[in-house]
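Q:
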Amino acid sequence: MDNKDIWLDTLITNTPQEGRELAIKMARKSIAAIQTDAETRKKLRSDYANDTAQLIASANVIAIEFQTVAAANNYWKTEK
């Protein structure tokens, strides 16, 4: 893997919102790594865009990625 391929420097984010955005990016990058042909991914979008089961499955992947990010950030707990 070349350095240009390294896009994930850290799981640490400033806010839960940033963490969720990172989780979405992680999920998208995973799909791109699995299905490397961009044209095929584009063709398949209409299939899953209208399939609630596939949309729910996609949301679950994002939720799992978010769990990872949240844990890495100690759930954004601050000292009081």
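In terms of the working numbering, the sequence shown is numbered consecutively and its last residue is 251. Cβ coordinates follow ideal geometry from the N, Cα and C atoms, glycine included.
Excluding the 5 residues preceding and the 5 following G190 in the sequence, name in chain order all residues of the same chain whose CB lies nearer than 7 Å to its CB.
A: If we look at G190 and ignore the five residues flanking it on each side, its Cβ neighbours are T184, F237, V240, A241 and N244.
Q: Quick one: give me the first and last residue of the alpha helix (DSSP H) that N244 is part of.
A: No alpha helix (DSSP H) holds N244; DSSP gives it neither H nor E.
Q: Indicate the three-state DSSP secondary structure (helix, strand or coil) for D176 in the structure shown.
A: Helix at D176.
Q: Is it right to say L179 is buried, meaning 16 or more other beta carbons lie within 10 angstroms of its own, or is it exposed?
A: Burial call: exposed.
Q: Quick check on DSSP: helix, strand or coil for Q206?
A: Residue state, collapsed to three classes: coil.
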